[in-house]
Structures are given as structure tokens and as C-alpha cells.
Amino acid sequence: MAHAHSHGAAGPAAPRTTFLLVVTLVSALLLTLAGLWLLWPNGGDVPDRVPAKAEGTSFVDATVTGHADPVTGSIPVELPDGEASRLQSPGPSVPLAEGDRITAVDISQVSQPGVDPLVFMDFQRELPIALLAVVYAVVVLLVARWRGLAAMAGLGLAFVVLLGFTMPALLAGESAIGVALVTSSLVMFVTLYLAHGLSARTSTALLGTLVGLALTAGLAAWASGAAQITGTTSEASSFLPSTAPGADLRGIALCGIVLAGMGVLNDVTITQASAVWELRAVAPTATRAELFTSAMRIGRDHIASTVYTIAFAYVGAALPLLMMVWLIDQSPATALSFGEIAEEVVRTLVGSVGLVLAIPVTTAIATLTVPGPASEQAGSTGSEPASDPGLMAPVSEAWASPPASGASAT
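Per the working numbering, residue 3 is the first one in the sequence shown, and the count goes up by one each step.
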């Protein structure tokens with residue numbers, strides 16, 4: 003690729019390009035808001051929330067003060083007011099040690115005399131989780147500064163969308179594919195502009211993300227039907243039908259597949275858009291095809307790393323399940339098509355396909371949006387300004403193999 007003798011930030015996109023980009027994204031935003039209005043669930047369609055405790059019981063905090071009785075299994079605990087009490091043993095799968103802080107259910111008002119009044123519910127994790135969240139926030143602020151703060155604000159607003167719209171809409175039985183597209187589009191509009199600012203570069207990444215989400219949704223709709231993804235393989239599937247009869251388990255699984263790919267798409271599209279702008283800054287005379295070729299070299303590396311990132315993220319989250327399936331004497335093909343694993347395999351594959359397709363799409367949009375090639379700076383070779391035949395003219399060059407060792411990417 004041609005080089006200039008001076009480098010700097012790439013200039014703004016052409017007015018016509020900016021206008022087309024704005025019109026496209028404003029149209030997408032209006033469609034998103036229309037979908038939000040149409041899919042917003044009626045209050046009467048959303049099921050009532052289920053009480054967390056049975057009538058006559060209450061939650062109490064307690065601290066384990068000793069070992070379990072070897073005969074009864076009863077465990078001594080201390081309540082916040084200093085009163086001693088007894089906890090029923092939760093069994094060997096939940097080892098309790100002296101000093102553990104737990105949350106228990108007080109069943110003394112509904113249990114038979116002589117029965118330990120407390121039943122183990124869970125460990126108290128508020129403090130360590132809060133400390134970890136503070137560490138996370140401090141590290142992000144120290145490294146990314148105000149942009150990191152904006153990204154965290156965007157993450158918070160994303161959860162507002164999920165809790166305020168996505169989950170109630172799915173529980174009310176609204177169209178799962180519509181809810182997935184509206185949610186992901188709205189979240190991307192908010193988070194990308196908050197974290198990266200209003201610019202042609204961010205808008206390019208956003209447009210590439212929206213295209214990737216549409217492709218992912220279409221593929222997910224086909225794959226969930228073809229692979230018979232029913233959404234009935236998890237523990238929640240036995241709880242939802244009785245409490246939210248309007249919810250479609252298959253649709254919820256489909257929505258989950260689309261949302262799972264949202265964050266990764268955001269990552270790669272921002273990277274590709276930034277790569278094109280930075281390449282233009284260091285190579286102002288390069289043609290758009292040359293920019294596309296160089297940016298796709300970066301994109302191919304990103305694909306290679308992100309694909310196995312998605313796979314290992316699932317492996318880490320589902321390790322106990324994978325170990326259980328490994329212990330069963332069956333072929334790998336049978337194991338991968340087994341219930342819950344098949345659902346995660348489809349989610350991983352669909353998300354990966356959407357990711358891979360989003361990279362060339364975003365790169366193409368970015369190379370068409372970034373300013374065109376500039377003339378050589380004064381004092382250089384004196385050659386004429388580089389011509390720009392357009393992105394799609396030398397397609398074979400744009401998809402060519404990486405250059406030989408020692409060749410420059412820019």
C-alpha cells in the first residue's frame with residue numbers, strides 16, 4: 003500500500019457519505035423505536051412475580067459457629083442479634099465451615115416441634131461481589147478514563163432495557179425474534195455512541211453491527227427450527243410454563259442466541275472501523291481497495307482469535323455439564339447433539355457465523371465511508387494523486403492472501 007511521508011488523523015467523511023449514513027441509521031432507529039412501541043407488553047399480559055419465600059417463613063442472616071452434629075446433622079449458627087440457633091444440614095454438596103456467613107429460611111412458624119428452625123438457602127456474597135465490582139470500575143476508569151465511564155454507563159442502560167422491556171415482553175409471549183432485534187438494536191445505539199462518541203467511525207461500526215445482528219437473527223431462526231432447539235433443557239424450563247404460561251420457550255431460546263452474539267459483534271465491528279480509519283491516517287494515498295485488503299488482514303486475525311474465544315467461554319461456563327456428558331459412553335456426535343449441549347453448540351455456531359460475516363461487511367462500509375485517497379504531500383516523489391477505482395473493482399486483490407513475510411500491511 004502506498005505511504006505518505008506525514009501521518010495524522012483521517013479527515014471527516016464526505017458530506018454525501020455522511021448524509022447517507024445518517025439517513026440509514028436514523029431509519030434504523032425509527033424502526034427500532036416502532037418495534038419497541040409495538041412489542042411493549044400490556045401490563046395484564048406480564049405474569050405476576052412469584053414470592054421468594056413461602057407464607058409464614060422469612061429470610062434471616064446467620065453465621066456458622068461450629069461443626070455439624072454427627073448424629074442429626076444439625077449445624078449451630080448465630081443470628082444477627084447474637085441469639086444461637088440451629089440449621090438443618092444442606093448435605094455434603096454444600097460444605098459449611100465455621101465463620102461462613104449465610105442466608106437461611108426461618109421455618110419455625112410452619113414446622114413441627116423439634117425440627118431445626120433454619121434451612122440453608124445460600125451463602126452471603128454481597129460483600130465480595132461488591133468489592134469485585136468496585137475493583138472492576140476502578141481498573142476501567144484508570145485505564146480507559148472517561149470512555150470507560152461512558153462504557154459502564156452504557157452497560158447499565160443495557161440492563162435497564164433487558165429488565166424493563168426484553169424480559170417482560172418475552173414473558174408476555176411477544177414475538178421472540180422481534181424482541182431480540184429491538185433489544186439488540188436499541189442497546190447498540192445506546193452503548194456504542196456513549197462509549198465511542200458521535201462520529202462517522204462509530205456510525206460505521208454501528209451499521210455493521212446492525213447488519214450482523216440481522217444476519218445472526220435470520221440464521222438463528224433457521225437453525226433453532228432445523229436443530230429442534232426447544233428451550234426445555236434447562237432447569238428454568240420446568241419453572242417458566244407454570245408461572246408464565248404465555249412465554250414461548252422455543253422463542254426465548256431463539257432470543258438468547260441473538261443476544262449472545264451482540265457483545266462480540268460490537269467488539270469486532272468497532273475494531274474493524276477503527277482499523278480502517280487508522281490505516282487511512284497512516285496511508286492517506288491508499289485506494290479504498292488497498293484499505294479493505296489491509297483491514298481484512300486485521301479482521302482475519304480477529305476472526306481466528308474471537309471464534310475460539312466464544313467456544314471457550316461456553317466451555318468454562320458449562321464445564322460440569324460437559325464432564326457429565328463425557329462420563330457417558332457415547333460417540334462425540336451423539337454427545338454434541340444432546341439436549342442442552344446442542345443448544346449451546348447452535349448458539350456458538352450461529353454467533354460465530356454472524357461474527358465472521360460482520361467483519362467484511364463492516365470493513366466494506368468503513369472503506370466506503372472513510373475519506374478517499376489524498377494527493378502526495380509536498381516534497382515527496384511528486385507523483386500524481388492516487389486514483390481510487392472503488393472498493394469492489396479489484397475484488398480478487400481485496401480477498402488476496404496475506405503478503406509475503408516482510409511486506410507492509412499499510
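Note that the Cβ used here is the ideal one computed from N, Cα and C, for glycine as well.
CA-to-CA distance, residue j to residue i, given in whole angstroms
i           : j           : result
residue 58  : residue 104 : 20 Å
residue 220 : residue 97  : 46 Å
residue 159 : residue 196 : 10 Å
residue 24  : residue 277 : 21 Å
residue 38  : residue 32  : 10 Å
residue 391 : residue 311 : Bear in mind that a pLDDT of 42 at residue 391, under 50, signals an unreliable position, so the number given afterwards is only what the model happens to contain. Those two C-alpha atoms are separated by around 37 Å.
residue 176 : residue 16  : 41 Å
residue 202 : residue 224 : 33 Å
residue 162 : residue 147 : 23 Å
residue 288 : residue 179 : 41 Å
residue 188 : residue 253 : 19 Å
residue 389 : residue 296 : With a pLDDT of 39 at residue 389, under the threshold of 50, the modelled position of that residue is not reliable, and the figure given next carries that caveat. Each residue's alpha carbon lies about 17 Å from the other.
residue 299 : residue 292 : 11 Å
residue 21  : residue 36  : 22 Å
residue 137 : residue 151 : 13 Å
residue 101 : residue 320 : 30 Å
residue 110 : residue 121 : 10 Å
residue 377 : residue 370 : Model confidence at residue 377 stands at a pLDDT of 46, short of 50, so the residue's coordinates are unreliable and nothing is read from them.
residue 18  : residue 352 : 35 Å
residue 308 : residue 50  : 40 Å
residue 313 : residue 74  : 45 Å
residue 90  : residue 326 : 29 Å
residue 275 : residue 360 : 11 Å
residue 192 : residue 204 : 11 Å
Residues that DSSP places opposite residue i in a beta bridge
i           : result
residue 90  : 121
residue 78  : 88
residue 104 : 64, 125
Residue-level contact to chain C via CB, residue i, 8 Å cutoff
i           : result
residue 310 : Looking for chain C here will not work: only one protein chain is present.
Proximity winner among the options, relative to residue i (alpha-carbon distances)
i           : options            : result
residue 244 : 52, 205, 84        : 52
residue 125 : 149, 246, 99, 180  : 99
residue 85  : 63, 71, 96, 97     : 63
residue 419 : 362, 323, 361      : Any property of residue 419 remains undetermined from this structure, which presents the chain solely from 3 to 412.
residue 374 : 351, 283, 128      : 283
residue 82  : 74, 111, 266, 61   : 61
residue 317 : 67, 287, 350, 305  : 350
residue 304 : 279, 272, 290      : 272
residue 67  : 73, 269, 80        : 80
residue 170 : 248, 119, 137      : 248
residue 127 : 65, 289, 267, 157  : 65
residue 88  : 20, 325, 71, 199   : 71
residue 153 : 91, 115, 268       : 268
residue 116 : 149, 76, 136       : 76
residue 156 : 119, 199, 74       : 199
residue 173 : 134, 239, 227      : 239
residue 237 : 335, 149, 341      : 341
residue 363 : 206, 255, 281, 315 : 206
Residue i beta carbon near the ligand HEM (any heavy atom closer than 7 Å)
i           : result
residue 283 : Only the bare structure without any ligand can be found here, which leaves the ligand HEM out of the picture.
- Message: Any contact between the region 325 to 338 and the region 240 to 257? By contact I mean 3 or more CB pairs, one from each, below 8 Å.
- Response: no
- At least three beta-carbon pairs within less than 8 Å, the region 181 to 194 to the region 249 to 266: yes
- Could you give the uninterrupted runs of the beta strand (DSSP E) lying entirely in the region 202 to 279, keeping only those of 3 residues or more? none
- Task: Spell out a yes or no on whether the region 220 to 231 and the region 36 to 50 are touching, meaning 3 or more CB-CB pairs, one atom from each, closer than 8 Å.
- Result: no
- Query: At a cut of 8 Å, does the region 209 to 221 reach the region 355 to 362 through at least three beta carbon pairs?
  - Reply: yes
- List in chain order: all unbroken alpha helix (DSSP H) runs of 4+ residues lying wholly within the region 124 to 186. 128 to 163, 169 to 173
- Message: Could you tell me which whole alpha helix (DSSP H) segments of length 4 or greater appear in the region 324 to 348?
- Response: 334 to 338
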